[in-house]
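Chains as they are written, first to last, in the numbering used here: chain A, 33 to 473; chain B, 33 to 473.
There are 2 protein chains.
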Amino acid sequence: MPIPRKPRIVIIGCGFGGLEAARALHAADVDITLVDRTNHHLFQPLLYQVATAGLSAPAIAAPVRHLFRRQRNVTTLLGEAASVDAAGRRVRLTDGSELPYDHLVVAAGATHSYFGRDDWAPLAPGLKTLADAFEIRRRVLLAFEAAEKEEDPEAREAWLTFVVIGAGPTGVEMAGTLAEIARRTLPGEFRRIDPARARILLVEGGPRVLQAMPESLSASAQKQLERLGVEVAVAARVVAIDAHGLQVQPPGDATPYRIASRCVIWAAGVAASPLGRQLADATGAPADRAGRVLVEPDLSLPGHPEVSVIGDLAAAHSHLPGHEPRPVPGVSPAAKQMGRTAAGNILLRIAGRPTQPFRYRDYGNLATIGRNSAVVDLWTPWRRIRFSGWFAWVFWLFAHIYFLIGFRNRLVVLIDWASAYWSEQRYARVVTGIDPRATDN
Amino acid sequence: MPIPRKPRIVIIGCGFGGLEAARALHAADVDITLVDRTNHHLFQPLLYQVATAGLSAPAIAAPVRHLFRRQRNVTTLLGEAASVDAAGRRVRLTDGSELPYDHLVVAAGATHSYFGRDDWAPLAPGLKTLADAFEIRRRVLLAFEAAEKEEDPEAREAWLTFVVIGAGPTGVEMAGTLAEIARRTLPGEFRRIDPARARILLVEGGPRVLQAMPESLSASAQKQLERLGVEVAVAARVVAIDAHGLQVQPPGDATPYRIASRCVIWAAGVAASPLGRQLADATGAPADRAGRVLVEPDLSLPGHPEVSVIGDLAAAHSHLPGHEPRPVPGVSPAAKQMGRTAAGNILLRIAGRPTQPFRYRDYGNLATIGRNSAVVDLWTPWRRIRFSGWFAWVFWLFAHIYFLIGFRNRLVVLIDWASAYWSEQRYARVVTGIDPRATDN
Numbered sequence: 033m034p035i036p037r038k039p040r041i042v043i044i045g046c047g048f049g050g051l052e053a054a055r056a057l058h059a060a061d062v063d064i065t066l067v068d069r070t071n072h073h074l075f076q077p078l079l080y081q082v083a084t085a086g087l088s089a090p091a092i093a094a095p096v097r098h099l100f101r102r103q104r105n106v107t108t109l110l111g112e113a114a115s116v117d118a119a120g121r122r123v124r125l126t127d128g129s130e131l132p133y134d135h136l137v138v139a140a141g142a143t144h145s146y147f148g149r150d151d152w153a154p155l156a157p158g159l160k161t162l163a164d165a166f167e168i169r170r171r172v173l174l175a176f177e178a179a180e181k182e183e184d185p186e187a188r189e190a191w192l193t194f195v196v197i198g199a200g201p202t203g204v205e206m207a208g209t210l211a212e213i214a215r216r217t218l219p220g221e222f223r224r225i226d227p228a229r230a231r232i233l234l235v236e237g238g239p240r241v242l243q244a245m246p247e248s249l250s251a252s253a254q255k256q257l258e259r260l261g262v263e264v265a266v267a268a269r270v271v272a273i274d275a276h277g278l279q280v281q282p283p284g285d286a287t288p289y290r291i292a293s294r295c296v297i298w299a300a301g302v303a304a305s306p307l308g309r310q311l312a313d314a315t316g317a318p319a320d321r322a323g324r325v326l327v328e329p330d331l332s333l334p335g336h337p338e339v340s341v342i343g344d345l346a347a348a349h350s351h352l353p354g355h356e357p358r359p360v361p362g363v364s365p366a367a368k369q370m371g372r373t374a375a376g377n378i379l380l381r382i383a384g385r386p387t388q389p390f391r392y393r394d395y396g397n398l399a400t401i402g403r404n405s406a407v408v409d410l411w412t413p414w415r416r417i418r419f420s421g422w423f424a425w426v427f428w429l430f431a432h433i434y435f436l437i438g439f440r441n442r443l444v445v446l447i448d449w450a451s452a453y454w455s456e457q458r459y460a461r462v463v464t465g466i467d468p469r470a471t472d473n
Numbered sequence: 033m034p035i036p037r038k039p040r041i042v043i044i045g046c047g048f049g050g051l052e053a054a055r056a057l058h059a060a061d062v063d064i065t066l067v068d069r070t071n072h073h074l075f076q077p078l079l080y081q082v083a084t085a086g087l088s089a090p091a092i093a094a095p096v097r098h099l100f101r102r103q104r105n106v107t108t109l110l111g112e113a114a115s116v117d118a119a120g121r122r123v124r125l126t127d128g129s130e131l132p133y134d135h136l137v138v139a140a141g142a143t144h145s146y147f148g149r150d151d152w153a154p155l156a157p158g159l160k161t162l163a164d165a166f167e168i169r170r171r172v173l174l175a176f177e178a179a180e181k182e183e184d185p186e187a188r189e190a191w192l193t194f195v196v197i198g199a200g201p202t203g204v205e206m207a208g209t210l211a212e213i214a215r216r217t218l219p220g221e222f223r224r225i226d227p228a229r230a231r232i233l234l235v236e237g238g239p240r241v242l243q244a245m246p247e248s249l250s251a252s253a254q255k256q257l258e259r260l261g262v263e264v265a266v267a268a269r270v271v272a273i274d275a276h277g278l279q280v281q282p283p284g285d286a287t288p289y290r291i292a293s294r295c296v297i298w299a300a301g302v303a304a305s306p307l308g309r310q311l312a313d314a315t316g317a318p319a320d321r322a323g324r325v326l327v328e329p330d331l332s333l334p335g336h337p338e339v340s341v342i343g344d345l346a347a348a349h350s351h352l353p354g355h356e357p358r359p360v361p362g363v364s365p366a367a368k369q370m371g372r373t374a375a376g377n378i379l380l381r382i383a384g385r386p387t388q389p390f391r392y393r394d395y396g397n398l399a400t401i402g403r404n405s406a407v408v409d410l411w412t413p414w415r416r417i418r419f420s421g422w423f424a425w426v427f428w429l430f431a432h433i434y435f436l437i438g439f440r441n442r443l444v445v446l447i448d449w450a451s452a453y454w455s456e457q458r459y460a461r462v463v464t465g466i467d468p469r470a471t472d473n
């Protein structure tokens with residue numbers, strides 16, 4: 033009789049979903065292989081702080097290998113999944129190697145989407161990875177440097193105009209923080225320009241900022257942004273971007289207008305990892321317009337109960353008893369909860385028992401705008417609470433520090449923030465490449 | 033009568049020398065322009081810690097602009113000096129602009145030298161800038177990742193062999209820290225390889241490690257390195273490097289031998305910035321083999337009293353009364369002292385008084401090898417003190433933290449070190465590009 037082999041579980045991606053799935057299997061007698069194309073788990077909610085020179089990269093990135101050093105059933109591999117062979121039950125990596133599996137969790141996440149205008153990518157970088165954050169940091173800081181050297185007033189103004197496209201949480205955080213850098217951090221450091229006169233524009237195609245929030249909080253967020261000196265344009269569609277600015281279509285039939293800017297940041301669109309489309313094409317499973325896989329109630333790939341798709345890659349629904357199924361939002365708590373459900377369902381399948389449908393527990397929503405400014409929409413077991421301003425900011429701060437992975441990071445982030453709060457300084461103002469005109473590296 | 037113009041002082045470079053020169057002029061009624069090709073002052077003695085994932089970049093890099101925000105006679109410019117027109121008294125930048133001056137301080141520093149083998153640069157990166165440090169960090173961490181994936185035992189061994197070329201302070205620090213990473217930080221995190229079995233080799237062409245130190249301390253340093261598991265080869269010349277290893281010529285007529293290694297680090301040669309050669313060629317001033325300008329006793333360029341050359345770019349002598357002139361070593365205290373002398377001489381020249389010769393005050397020499405290991409050679413006013421081991425390490429630690437520019441950095445570095453000391457972890461283990469075979473980016 034052959035020795036029974038331990039079930040082989042492959043997890044693709046070590047974001048919030050993949051990390052949580054692997055952790056939830058810590059006590060299982062299985063062989064887990066965790067594949068990620070970077071060597072770190074990234075605390076993405078604070079990535080905008082790296083992009084705006086408030087935090088260093090290591091403060092929000094924990095080595096995956098280190099996180100799982102004591103969980104002996106996990107093998108970490110640095111590698112990028114190219115495709116899943118669902119029929120043959122194996123994952124192909126870009127380096128040509130293959131990983132066979134009995135159970136697969138696909139948590140490859142999302143990337144930016146330029147809505148078919150991929151030529152905009154080098155002109156308006158998005159913010160998903162540490163490399164993205166460094167690029168944005170470089171462009172922002174070097175724009176002020178270029179302005180200090182520029183003799184022509186019009187060209188100088190274009191260097192001092194910063195445009196953020198998209199007013200979701202990331203866009204709002206970026207715009208608010210840019211305003212703080214211009215008005216609070218940099219004044220006094222330049223001799224020829226006044227950084228406080230920089231323009232920060234936030235351009236949103238939809239009717240209001242933070243559309244996932246209730247209307248009252250959207251209104252409050254916009255007011256807080258404007259108090260920081262951000263010019264907010266809603267219902268304004270970007271129709272063209274070039275190296276010297278962009279073209280905006282205001283609501284209705286109004287004439288498009290041009291904004292001259294040398295620093296444009298993309299925070300508008302999100303698309304699922306190409307792996308979603310590949311999975312759908314290969315198995316006949318449905319995918320939505322953003323390339324997300326429409327999964328079964330238990331998060332499995334239709335026709336493939338041994339494959340779970342979770343996080344931003346899944347178009348999932350929450351199945352609370354007595355309620356209609358509700359779409360799950362693309363936020364980190366949802367990804368973590370899906371990771372736990374996927375792990376639990378693998379254990380149920382190994383035990384020969386039926387799987388459980390996914391139930392999303394929504395704790396609410398929060399977004400920060402800048403120093404002392406935030407909005408919070410909280411679902412408690414008793415009632416819904418909404419608040420904004422300083423107390424919301426403190427709540428946001430502690431919530432984020434609490435969820436940061438790894439104690440050391442938490443402590444250092446707290447110190448960085450405390451010192452940034454009192455000094456209004458941002459200490460991570462380091463760039464390595466200095467040519468502000470290079471938009472392609 | 034025309035309004036008298038303030039003297040215009042241009043300082044090229046914001047390393048230890050340029051920074052100190054600008055600071056020493058804080059009370060002078062002059063216009064200072066400080067040009068650097070990066071936006072930060074780098075605390076180079078700790079750069080190896082960034083390369084070995086012990087510190088984040090912002091911990092050892094302070095924005096130049098921020099350092100001089102309150103010194104109103106300083107204008108900071110991001111730019112690279114292409115050449116000095118000593119006859120026309122102007123500096124040309126690579127972007128085509130020109131900076132006229134009445135007094136010039138050239139403190140452009142040094143870079144690596146591959147002794148005429150510039151083709152080795154992509155094969156064995158050196159450590160002078162933050163970009164260099166990131167590249168070395170990337171190669172070291174990804175070599176362990178590649179080893180974990182490698183099936184062939186011989187190829188795996190090459191990934192786990194690290195070679196440092198050159199046993200000056202940087203080479204010794206790098207080799208010692210690499211040994212610690214392999215033996216202390218990484219064990220337990222891999223499932224297929226044992227990082228503790230990695231080989232760390234330190235190859236030195238001269239007769240001993242740390243040649244600037246007395247022989248007894250060199251011997252102690254070598255013993256401490258070997259205790260950490262570093263294999264030290266002295267009087268061994270590197271004669272060839274390729275993508276899979278290097279060829280070493282042992283002393284005498286012995287046959288050269290090959291070391292298979294996928295991670296080679298260059299810490300052997302230093303050459304002055306090309307600006308030194310350009311200055312010498314343009315003015316007829318003498319330069320030495322490393323491209324350093326042979327300056328007058330008051331650090332001025334021969335024939336050009338209005339130009340001072342300081343730091344690693346100057347071949348300077350110390351002129352202590354009653355002593356023969358002594359060559360000044362290329363260390364940061366010397367650069368700082370030259371910066372102060374150059375600034376003082378500018379003020380003397382403005383006042384119409386004779387300049388002062390440079391006098392180097394040598395406080396001694398120190399180098400660290402790893403956790404608890406260092407050597408110290410101290411010149412006190414009373415006697416010379418030499419010691420090594422744990423106490424030398426603590427001395428080294430506090431000396432370096434004390435000299436770190438900016439309080440916040442000091443505090444964060446101290447916390448990072450304290451936590452690294454107790455946990456034996458290195459928290460900055462973040463790489464962005466993941467292809468370990470790419471040697472050219």
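C-beta: ideal position from N, C-alpha, C; glycine also. Being a predicted model, the structure only gives us computed values, none of them experimental.
Check each candidate in the options and name the one with the smallest Cα separation from residue i.
i              : options                        : result
G384 (chain B) : B:L136, B:E338, B:F176, B:F75  : B:E338
L173 (chain B) : A:V96, A:A114, A:D150          : A:V96
P239 (chain A) : A:A303, A:A267, A:T143, A:A275 : A:A267
V116 (chain A) : A:V42, A:Y146, A:R321          : A:V42
T476 (chain A) : A:A375, A:P90, A:G49           : Any question about residue 476 (chain A) goes unanswered here, given that chain A covers just 33 to 473.
D127 (chain B) : B:A114, B:G49, B:H135, B:L136  : B:A114
L311 (chain B) : B:Q281, B:G277, B:V280, B:A346 : B:A346
H403 (chain B) : B:N397, B:S420, B:D409, B:W414 : Note that residue 403 (chain B) is Arg in the sequence shown, not His. The shortest C-alpha separation from R403 (chain B) is found at B:S420.
R372 (chain B) : B:A163, B:R102, B:Y434, B:G50  : B:G50
Taking 7 Å as the CB-CB limit, is residue i close to chain A?
i              : result
R101 (chain B) : yes
P246 (chain B) : no
E130 (chain B) : no
E177 (chain B) : yes
T471 (chain B) : A caution first: T471 (chain B) carries a pLDDT of 33, below 50, which makes its placement in the model too unreliable to give a value.
V463 (chain B) : yes
S250 (chain B) : no
P90 (chain B)  : yes
R223 (chain B) : yes
Evaluate residue i with the Cβ neighbour count: other Cβ atoms within 10 Å of its Cβ, from every protein chain shown; 16 or more gives buried, anything less gives exposed.
i              : result
V426 (chain B) : exposed
H332 (chain B) : According to the sequence displayed, residue 332 (chain B) carries Ser and not His. Buried is the call here.
A470 (chain B) : With a pLDDT of only 39 at A470 (chain B), under the threshold of 50, the placement of this residue in the model should not be trusted, and no figure is reported.
V302 (chain B) : buried
W152 (chain B) : buried
Q81 (chain A)  : buried
Y133 (chain A) : buried
Quick one: is residue i near chain B, going by C-beta distance under 7 Å?
i              : result
T65 (chain A)  : no
G220 (chain A) : yes
A93 (chain A)  : yes
L260 (chain A) : no
State the Cα-Cα distance for the pair residue i and residue j, rounded to the nearest angstrom.
i              : j              : result
A214 (chain A) : Q457 (chain A) : 11 Å
L380 (chain A) : W428 (chain B) : 57 Å
I447 (chain B) : L192 (chain B) : 30 Å
I291 (chain B) : A322 (chain B) : 29 Å
G198 (chain A) : F147 (chain A) : 13 Å
A230 (chain A) : T412 (chain A) : 41 Å
G237 (chain A) : A399 (chain A) : 19 Å
### Query
Touch check for the stretch 308-323 of chain A and the stretch 280-289 of chain A: three-plus C-beta pairs under 8 Å?
no
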